[in-house]
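Enquirer:
Residue numbers (this note's numbering): 722 to 1031.
The structure is reproduced here in structure tokens:
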């Protein structure tokens, strides 16, 4: 039987793509919960659904301005994140991986942040805009839309794409969740109309992949050049693979920043200090600058590798 340390190490995707906070805090706690839920016979999907309710609960707590409710919001969002770590670990421990689990896992984080953005907007509608005597009113919803839909969402999706690309070149197909529009669309079109749930998932997921591919043209050209020359990505020479990883590895710290932990800490601090509008501005400014830099550097790396191939 594997020791706790061995199971924990096995749950890490790679040193390059793991954050310090996850390695030393979230994942160990998640694994403790996973082992407990396994002993109780709880299905991973149940934990994912629990995380959705915890995330919504966190949003509700953040709609209040007093310290007690906001501390409760911090605790609930932390536990939602523990559950998000737990469900994947539990699925691997029990072999209970399902399509519904994939849907719920992708859906849960979106629900958390939708609830949080809505709660923060409601909270601030009647507050005064700093430096003025004007209340936020509907303008805070506009700020939330720009922050959440136009900034947060594309940042998260592309940073996850780059992480999966890095894992693909590091560990191969088995160690990555890198997918493409064509293959996912093919699955969608092969499914009978009676399997409406699966069709709905693959329709949305293929379009999600398409949006990632649309924003990474240099990477798409690099992949095409590799397939044209080597026939299959598994046959890419090690020196070329290592050249890509060498350039991609320093960018992983930026993809990590653009995922959960940095945003969550900013939400915790700004809500406890009663200035959550700062979180939205942080998303629009600081996170967007990181996103633009990461995007530019990754595309430049792909152009460099493509030139080596052709």
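Glycine is no exception: its CB is placed at the ideal position from the N, C-alpha and C atoms.
Helix, strand or coil: which one does DSSP assign to residue 849?
Expert: Here residue 849 corresponds to residue number 128 of the chain shown, with the count starting at 1. Looking at residue 849 - three-state DSSP - the assignment turns out to be strand.
Enquirer: Assuming contact is defined by CB atoms lying nearer than 8 Å, are residue 1018 and residue 972 in contact in what I supplied?
Expert: Position 297 of the chain shown, counted from the first residue, corresponds to residue 1018. Position 251 of the chain shown, counted from the first residue, corresponds to residue 972. Taking 8 Å as the Cβ cut-off, residue 1018 and residue 972 qualify as a contacting pair.
Enquirer: Residue 757 to residue 777, Cα distance in whole Å?
Expert: The count along the chain shown starts at 1 and reaches residue 757 at position 36. The count along the chain shown starts at 1 and reaches residue 777 at position 56. Near 24 Å, if we compare the C-alpha coordinates of residue 777 and residue 757.
Enquirer: Is the number of C-beta pairs between the segment 918-925 and the segment 883-901 that are closer than 8 Å three or more?
Expert: no
Enquirer: Roughly how many angstroms lie between the CA atoms of residue 887 and residue 969, to the nearest whole one?
Expert: Along the chain shown, one-based indexing puts residue 887 at 166. Along the chain shown, one-based indexing puts residue 969 at 248. Whole-angstrom Cα-Cα distance: 7 Å.
Enquirer: Under the DSSP definition of a beta bridge, which residues are partnered with residue 856?
Expert: Within the chain shown, residue 856 is the residue found at index 135, counting from 1. For residue 856, which the question treats as bridged, DSSP gives the partners 849.
Enquirer: Between 925, 897, 913 and 809, which has its C-alpha nearest residue 905's C-alpha?
Expert: Residue mapping note: residue 905 aligns to position 184 of the chain shown, counting from 1. It is 925 whose Cα lies nearest to the Cα of residue 905.
Enquirer: Give me the Cα-Cα distance between residue 764 and residue 854, rounded to the nearest whole angstrom.
Expert: The residue given as residue 764 occupies position 43 in the chain shown. The residue given as residue 854 occupies position 133 in the chain shown. Approximately 52 Å between the Cα atoms of the pair.
Enquirer: With DSSP as the reference, label residue 811 as helix, strand or coil.
Expert: Mapped onto the chain shown, residue 811 falls at position 90. DSSP places residue 811 in helix when its eight states are reduced to three.
Enquirer: Taking the CB atoms as reference points, tell me whether residue 1023 and residue 943 lie closer together than 8 Å.
Expert: What you label residue 1023 is simply residue 302 of the chain shown in a count that begins at 1. What you label residue 943 is simply residue 222 of the chain shown in a count that begins at 1. Taking C-beta atoms as the reference points, residue 1023 and residue 943 count as a pair closer than 8 Å.
Enquirer: Using alpha carbons as the reference points, say which of 1016, 751 and 1027 lies closest to residue 877.
Expert: Along the chain shown, read from residue 1 onward, the residue named residue 877 stands at position 156. Checking every option, the nearest Cα to that of residue 877 belongs to 1016.
Enquirer: What would DSSP say about residue 888, mapped onto helix, strand or coil?
Expert: In the chain shown, residue 888 corresponds to position 167, counting from 1. Helix at residue 888.
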